[in-house]
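Undergrad: Chains as they are written, first to last, in numbering that gives the first Met the number 0: chain A, 0 to 340; chain B, 0 to 171.
Here it is: the structure, laid out below.
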Amino acid sequence: MIPVYFAQVGIIFATFGLLLLAAAIMVYSERKVAAIIQQRYGPYLVGPKGMLQPIADVVKLIFKETLRPLGADRLLFMLAPLISATAAFAAFAVVPFGAKTTLFGLLDTPMSLQIADVNVAVLVIFAITSVSLYGIVLAGWSSNSKYSLLGALRSVSQMISYELSYGLSLASVIVVAGSLSLTDIVNAQAGTWLGFIPRWFVFLQPVGFVIFMIAGIAETNRAPFDFPEAEQELVAGYHTEYSSTPFMMFFLAEYINMVTAAAVATDLFLGGWHGPWLPDYLGWIWFLIKIGAILFFYIWMRWTLPRLRYDQLMTFGWKVLLPLAAVNLIVTAAGVIYFGY
Amino acid sequence: MVLFYLFGTVAVVASLLVVLQRNPMHSVLLLIVSFVALAGLYILLDSPFAAVIQIIIYAGAIMVLFLFVVMLLNAHKEDDPPAGSLTAGGPLRIGAVLAVVLTAELIWALVRAEGTRDGLLAGGAGADPGTLGSVRELGRVLFTDYAFAFEVTSILIIVAMVGAVVLAKREL
Chain A
0 MIPVYFAQVG
10 IIFATFGLLL
20 LAAAIMVYSE
30 RKVAAIIQQR
40 YGPYLVGPKG
50 MLQPIADVVK
60 LIFKETLRPL
70 GADRLLFMLA
80 PLISATAAFA
90 AFAVVPFGAK
100 TTLFGLLDTP
110 MSLQIADVNV
120 AVLVIFAITS
130 VSLYGIVLAG
140 WSSNSKYSLL
150 GALRSVSQMI
160 SYELSYGLSL
170 ASVIVVAGSL
180 SLTDIVNAQA
190 GTWLGFIPRW
200 FVFLQPVGFV
210 IFMIAGIAET
220 NRAPFDFPEA
230 EQELVAGYHT
240 EYSSTPFMMF
250 FLAEYINMVT
260 AAAVATDLFL
270 GGWHGPWLPD
280 YLGWIWFLIK
290 IGAILFFYIW
300 MRWTLPRLRY
310 DQLMTFGWKV
320 LLPLAAVNLI
330 VTAAGVIYFG
340 Y
Chain B
0 MVLFYLFGTV
10 AVVASLLVVL
20 QRNPMHSVLL
30 LIVSFVALAG
40 LYILLDSPFA
50 AVIQIIIYAG
60 AIMVLFLFVV
70 MLLNAHKEDD
80 PPAGSLTAGG
90 PLRIGAVLAV
100 VLTAELIWAL
110 VRAEGTRDGL
120 LAGGAGADPG
130 TLGSVRELGR
140 VLFTDYAFAF
150 EVTSILIIVA
160 MVGAVVLAKR
170 EL
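Below, the structure is given as structure tokens:
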């Protein structure tokens, strides 16, 4: 029997490693899916079916020279990618990805598959997302380059605009679940209605789910909302001047943010680790399947939809998404008061 | 207690550096550091909700706008203070007097609060701090006991917003 704190440390390292692995898998599957959609082969030389391509990419990036523009603010230029990467990892710390388990009998007392069970987890994720903005802003400003600055400005105004709708759609789930803890929210989605419809919040909150997904894509700067790095206009946006490891950190942060966004969406709307057929302690398999489905959807979107125009993005965010989210929250709150929990 | 001193020191040092060093961009960032340290203090006070809200609202939303303004004004370095502005005798003396008054007020308030400290801590009773109960309780109190203050604040913010729009957009 291993003591619980030992297992906790183990979980922290495991989560860290799994996130890195997930980012590598995402890079590979993005290239492969893009290739399939565009009728190309995609990476196929490195390793079986090109599966070692992400590792080759990482090695290549590490061995490149770290460049710094002459007029750049030294401290902030190096700090920005660190903030981005740290925030990306930190956000996952409060995301639960499985039911309480004894790790197949290794532990005396069951332990939840989550680094920290914070009772305001939903808000913590929201807070870390808003802090991660600084990585992008500082990168754009400290590079002392016009493209970077424009990219950062766009990115920030986009994220601020969509954060409101994101928050309101979160709030409607919180109202339905009656809790701010992600574990409680997931457990509120256990069981089924009428024996076959799972009690997932996506069925109670369809509008909220759609808003959450759209705002989530905008928050992670993915196509069709990838203005910060609209390459036709801005070269590469806020990370134009970055190379080597600092660039890799931005790249990593972007993919880990996607994984986190998908994990949060799974916990909030798709019932987390609850699903038919599998026993509770194998629930993480359901969790992985659901995350995978959402991430595939992200990639699919990117290679299917063209980028919006910038003013369309802003108009859509403020005049369509935000009012819709507000109305959704009011209707939800009224429903909860009328029907009870 | 160690954590309290750690967060306290970080908050004080960061706040001092905000005014003492010259690069406005660094000032904004140090202010954020100070806010995060304050959030840490809130957590030590068993109030994770206030801590997280502090980070979302202040460190996250408001400071981003500050950063925006500094970035767009492109104020790389503060110029040498023009002679005869704030460092002149008159404003300096008024500032000194205000600082002394503020310190006296703080000392007075702390001395007065000494006896009621336990009472203040017990004031939030009824709900177990740090659970949803406290959030729920907070919302209930905000919309019942303090509804008037809450509404007045919201009107104030709307007025400020309308004012900003009018100032920024002369012809509507």
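A virtual CB, placed ideally from N, CA and C, is assigned to each residue, including glycine.
Using the Cα positions of A/S180 and A/F125, report the straight-line distance between them to the nearest angstrom.
TA: Cα to Cα, the separation comes out at about 13 angstroms.
Undergrad: Is any beta-carbon of chain A found at less than 9 angstroms from that of B/I54?
TA: Yes - at least one Cβ of chain A is within 9 angstroms of the one on B/I54.
Undergrad: Kindly list the residues whose CB is nearer than 8 angstroms to the CB of A/G166, restricted to its own chain and excluding five residues on each side of it in sequence; keep chain order.
TA: Answer for A/G166: F125, listed in chain order.
Undergrad: Do B/L28 and A/Y133 count as a contact pair if the criterion is CB distance below 9 angstroms?
TA: Contact: yes.
Undergrad: Of all the options A/G70, A/A260 and A/L320, which has the alpha carbon lying nearest to the alpha carbon of A/G291?
TA: Selected option, being the one with the closest Cα: A/A260.
Undergrad: Have a look at the DSSP bridge pairing and note the partners of A/W272.
TA: A/W272 is not bridged to any residue.
Undergrad: Put B/T8 into one of helix, strand or coil per three-state DSSP.
TA: B/T8: helix per DSSP, three-state reduction.
Undergrad: Given a threshold of 16 other Cβ atoms within 10 Å of its Cβ, counted over all protein chains shown, does A/D310 qualify as buried or as exposed?
TA: Looking at its Cβ environment, which holds fewer than 16 other Cβ atoms inside 10 Å, A/D310 is exposed.
Undergrad: Grouping DSSP H, G and I as helix and E and B as strand, with all else coil, what is A/S83?
TA: DSSP places A/S83 in helix when its eight states are reduced to three.
Undergrad: Ordered along the chain, which non-local residues of its own chain (more than five positions away) have a Cβ less than 7 angstroms from that of A/V330?
TA: There are no such residues.
Undergrad: Bridge partners for A/P95 per DSSP, in chain order?
TA: Note: A/P95 sits in no beta bridge, so no partner.
Undergrad: Taking Cβ-Cβ distances shorter than 8 angstroms, what residues in chain B pair up with A/L132?
TA: Within 8 angstroms Cβ-Cβ: G59 and V63.
Undergrad: What's the gap between the Cα of A/N143 and the Cα of A/R73?
TA: The straight-line gap from Cα to Cα measures roughly 11 angstroms.
Undergrad: Let me know the secondary structure DSSP gives A/W199 once reduced to three states.
TA: Looking at A/W199 - three-state DSSP - the assignment turns out to be coil, as it is neither helix nor strand.
Undergrad: In chain order, what residues of the same chain have a beta carbon less than 7 angstroms from the beta carbon of A/D266, not counting five sequence neighbours either side?
TA: Once the five neighbours on either side are set aside, the close Cβ partners of A/D266 are V94, P95, L181, I184 and V185.
Undergrad: Starting from A/Y337, trace the alpha helix (DSSP H) in both directions and tell me its first and last residue.
TA: Run containing A/Y337: L321 to F338, per the alpha helix (DSSP H) assignment.
Undergrad: In angstroms, rounded to a whole number, what distance separates the CA positions of A/L137 and B/V9?
TA: One C-alpha to the other measures close to 21 angstroms.
Undergrad: Using the Cα positions of B/V12 and A/F76, report the straight-line distance between them to the nearest angstrom.
TA: Rounded to the nearest angstrom, the two C-alpha atoms are 23 angstroms apart.
Undergrad: Please report whether the beta-carbon of A/E240 lies at a distance below 9 angstroms from any beta-carbon of chain B.
TA: No, its Cβ sits nowhere closer than 9 angstroms to a Cβ of chain B.
Undergrad: Which chain A residues sit within Cβ distance under 9 angstroms of B/P23?
TA: Here the premise fails: no neighbours, minimum Cβ distance about 11 angstroms.
Undergrad: Leaving aside the five residues before and after B/I52 along the sequence, list all residues of the same chain whose C-beta is less than 6 angstroms from its C-beta, in chain order.
TA: Nothing listed; no residue qualifies.
Undergrad: Is there a Cβ of chain D sitting closer than 9 angstroms to that of B/L28, yes or no?
TA: Among the protein chains of the structure shown, namely A and B, there is no chain D.
Undergrad: For B/W107, count neighbouring Cβ atoms within 10 angstroms of its own Cβ and tell me buried if that reaches 16, exposed if not.
TA: So B/W107 counts as exposed.
Undergrad: Tell me the rounded alpha-carbon separation between A/L18 and A/Y254.
TA: Each residue's alpha carbon lies about 9 angstroms from the other.
Undergrad: Mapping DSSP to helix, strand and coil, what is B/T143?
TA: B/T143: coil per DSSP, three-state reduction.
Undergrad: So, do the stretch 28-48 of chain B and the stretch 57-76 of chain B have three or more beta carbon pairs nearer to each other than 8 angstroms?
TA: Short answer: they touch.
Undergrad: Interface residues of chain A around B/P47 at Cβ under 9 angstroms?
TA: Those within 9 angstroms of B/P47 in chain A are V117, N118, V119, L122 and V123.
Undergrad: What's the gap between the Cα of B/L131 and the Cα of A/L203?
TA: Note on B/L131: pLDDT 46, under 50, position unreliable in the model; the coordinate value appears next. So the alpha carbons of these two residues sit roughly 22 angstroms apart.
Undergrad: For chain A, find out if any of its Cβ atoms is closer than 9 angstroms to the Cβ of B/L141; answer yes or no.
TA: With 9 angstroms as the cut-off, B/L141 does not count as an interface residue toward chain A.
Undergrad: Please go through the same chain and pick out, in chain order, the residues whose beta-carbon is closer than 7 angstroms to the beta-carbon of A/A89, but skip the five residues on each side of it.
TA: Excluding sequence neighbours, A/A89 sits near I127.
Undergrad: Taking DSSP's pairing of strands, which residues face A/W192 in a bridge?
TA: A/W192 pairs with A/I196.
Undergrad: Hey, quick one: how far does the alpha helix (DSSP H) through B/H25 stretch, first residue to last?
TA: Looking at the DSSP string, the run of the alpha helix (DSSP H) that includes B/H25 is P23 to L43.
Undergrad: Can you pull the chain A residues whose beta carbon is under 7 angstroms from the beta carbon of B/L51, in chain order?
TA: Checking the sequence shown, residue 51 of chain B turns out to be Val, not Leu. Result: V119, L122, V123 and A126.
Undergrad: May I ask you to report which of helix, strand or coil DSSP gives A/L17?
TA: Residue state, collapsed to three classes: helix.
Undergrad: Can at least three beta-carbon pairs, one atom from the stretch 196-211 of chain A and one from the stretch 144-154 of chain A, be found at a separation below 8 angstroms?
TA: Touching, no, given that fewer than three Cβ pairs across the two stretches are closer than 8 angstroms.
Undergrad: Spell out whether any CB of chain A is found under 9 angstroms from the CB atom of B/I31.
TA: It does; some Cβ of chain A falls within 9 angstroms.
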